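Here is the structure we will look at.
Numbering (my numbering), first residue to last: 1187 to 1307.
Following this line, the structure appears as C-alpha coordinates:
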(Lines of atoms letter the chains of each structure in order from A and count residues from 1; the text may use other names and numbers.)
(Lines give C-alpha, C1' and ligand atoms only; values in the text may rest on other atoms or scores of the structure.)
Protein backbone atom coordinates (compact mmCIF):
# COMPACT_ATOMS: atom_id res chain seq x y z
CA UNK A 1 0.00 0.00 0.00
CA UNK A 2 1.41 3.37 -0.95
CA UNK A 3 0.67 6.62 0.78
CA UNK A 4 0.50 9.97 -0.82
CA UNK A 5 3.21 12.40 0.35
CA UNK A 6 0.77 14.39 2.46
CA UNK A 7 -0.38 11.31 4.41
CA UNK A 8 3.19 10.10 4.89
CA UNK A 9 4.20 13.50 6.30
CA UNK A 10 1.19 13.48 8.64
CA UNK A 11 2.15 9.99 9.97
CA UNK A 12 5.70 11.15 10.64
CA UNK A 13 4.43 14.13 12.62
CA UNK A 14 2.13 11.91 14.69
CA UNK A 15 4.99 9.49 15.32
CA UNK A 16 7.07 12.30 16.80
CA UNK A 17 4.29 13.22 19.23
CA UNK A 18 3.62 9.68 20.49
CA UNK A 19 5.08 8.86 23.89
CA UNK A 20 8.28 6.88 23.86
CA UNK A 21 8.48 3.43 25.49
CA UNK A 22 9.58 3.49 29.08
CA UNK A 23 13.03 2.09 29.75
CA UNK A 24 13.10 -1.37 31.30
CA UNK A 25 13.97 -1.31 34.98
CA UNK A 26 17.31 -2.70 36.05
CA UNK A 27 17.65 -5.49 38.60
CA UNK A 28 18.67 -2.96 41.22
CA UNK A 29 15.41 -1.05 40.75
CA UNK A 30 13.20 -4.14 40.96
CA UNK A 31 14.47 -5.39 44.33
CA UNK A 32 12.26 -4.52 47.29
CA UNK A 33 13.32 -1.58 49.36
CA UNK A 34 12.92 -3.36 52.66
CA UNK A 35 14.38 -6.62 53.85
CA UNK A 36 11.96 -9.39 54.69
CA UNK A 37 11.75 -10.45 58.32
CA UNK A 38 12.57 -14.02 59.31
CA UNK A 39 8.86 -14.51 60.12
CA UNK A 40 8.11 -13.93 56.43
CA UNK A 41 10.85 -16.17 55.03
CA UNK A 42 11.36 -19.01 57.53
CA UNK A 43 10.47 -22.49 56.23
CA UNK A 44 11.22 -24.56 59.35
CA UNK A 45 8.04 -24.70 61.47
CA UNK A 46 9.91 -24.91 64.79
CA UNK A 47 12.12 -21.94 63.98
CA UNK A 48 9.12 -19.98 62.67
CA UNK A 49 7.31 -20.61 65.96
CA UNK A 50 10.34 -19.29 67.90
CA UNK A 51 10.48 -16.20 65.69
CA UNK A 52 6.75 -15.57 66.16
CA UNK A 53 7.09 -15.78 69.94
CA UNK A 54 10.09 -13.45 69.92
CA UNK A 55 8.30 -10.90 67.75
CA UNK A 56 5.10 -10.97 69.78
CA UNK A 57 5.16 -8.69 72.80
CA UNK A 58 2.05 -10.12 74.49
CA UNK A 59 1.97 -13.67 73.06
CA UNK A 60 -0.76 -12.89 70.54
CA UNK A 61 0.05 -13.86 66.98
CA UNK A 62 -1.90 -12.47 64.01
CA UNK A 63 -4.17 -14.91 62.20
CA UNK A 64 -2.33 -14.69 58.87
CA UNK A 65 0.93 -15.68 60.55
CA UNK A 66 -0.74 -18.57 62.37
CA UNK A 67 -2.15 -19.73 59.02
CA UNK A 68 1.34 -19.58 57.56
CA UNK A 69 2.70 -21.62 60.49
CA UNK A 70 -0.03 -24.24 60.05
CA UNK A 71 0.65 -24.47 56.33
CA UNK A 72 4.39 -24.92 56.85
CA UNK A 73 3.78 -27.56 59.54
CA UNK A 74 1.43 -29.43 57.20
CA UNK A 75 4.02 -29.32 54.40
CA UNK A 76 6.72 -30.50 56.78
CA UNK A 77 4.58 -33.44 57.94
CA UNK A 78 3.77 -34.43 54.36
CA UNK A 79 7.43 -34.23 53.45
CA UNK A 80 8.48 -36.40 56.40
CA UNK A 81 5.72 -38.94 55.60
CA UNK A 82 6.93 -39.16 52.01
CA UNK A 83 10.51 -39.63 53.19
CA UNK A 84 9.39 -42.39 55.57
CA UNK A 85 7.50 -44.11 52.76
CA UNK A 86 10.54 -43.89 50.50
CA UNK A 87 12.79 -45.28 53.24
CA UNK A 88 10.39 -48.18 53.89
CA UNK A 89 10.16 -48.90 50.16
CA UNK A 90 13.95 -48.92 49.94
CA UNK A 91 14.27 -51.23 52.93
CA UNK A 92 11.65 -53.57 51.42
CA UNK A 93 13.53 -53.56 48.12
CA UNK A 94 16.81 -54.19 49.94
CA UNK A 95 15.22 -57.05 51.91
CA UNK A 96 13.90 -58.55 48.68
CA UNK A 97 17.33 -58.19 47.10
CA UNK A 98 18.95 -59.76 50.16
CA UNK A 99 16.48 -62.65 50.09
CA UNK A 100 16.98 -63.06 46.37
CA UNK A 101 20.74 -63.02 46.68
CA UNK A 102 20.54 -65.48 49.59
CA UNK A 103 18.38 -67.86 47.57
CA UNK A 104 20.74 -67.58 44.60
CA UNK A 105 23.71 -68.25 46.86
CA UNK A 106 21.93 -71.25 48.38
CA UNK A 107 21.05 -72.69 44.99
CA UNK A 108 24.62 -72.18 43.78
CA UNK A 109 25.95 -73.86 46.88
CA UNK A 110 23.61 -76.81 46.39
CA UNK A 111 24.73 -77.10 42.76
CA UNK A 112 28.34 -76.93 43.86
CA UNK A 113 27.76 -79.70 46.42
CA UNK A 114 26.10 -81.83 43.76
CA UNK A 115 29.04 -81.31 41.44
CA UNK A 116 31.44 -82.36 44.20
CA UNK A 117 29.39 -85.45 44.89
CA UNK A 118 29.30 -86.34 41.20
CA UNK A 119 33.06 -85.98 40.99
CA UNK A 120 33.50 -88.30 43.94
CA UNK A 121 31.53 -91.00 42.14
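Glycine included, every Cβ here is placed at the ideal spot set by N, Cα and C. Computed from a prediction, not measured in an experiment: that's the story for all the values here.
- In its own chain, leaving out the 5 sequence neighbours on each side, no residue places its CB closer than 7 Å to the CB of residue 1254.
- Between residue 1262 and residue 1231, the gap from beta carbon to beta carbon is short of 8 Å.
- Taken through DSSP and simplified to helix, strand or coil, residue 1242 comes out as coil.
- Residue 1199: member of the alpha helix (DSSP H) spanning 1191-1203, first to last residue.
- In the DSSP annotation of this structure, the continuous segment of the alpha helix (DSSP H) that includes residue 1226 starts and ends at 1224-1227.
- In the three-state scheme derived from DSSP, where H, G and I count as helix and E and B as strand, residue 1206 is classed as coil.
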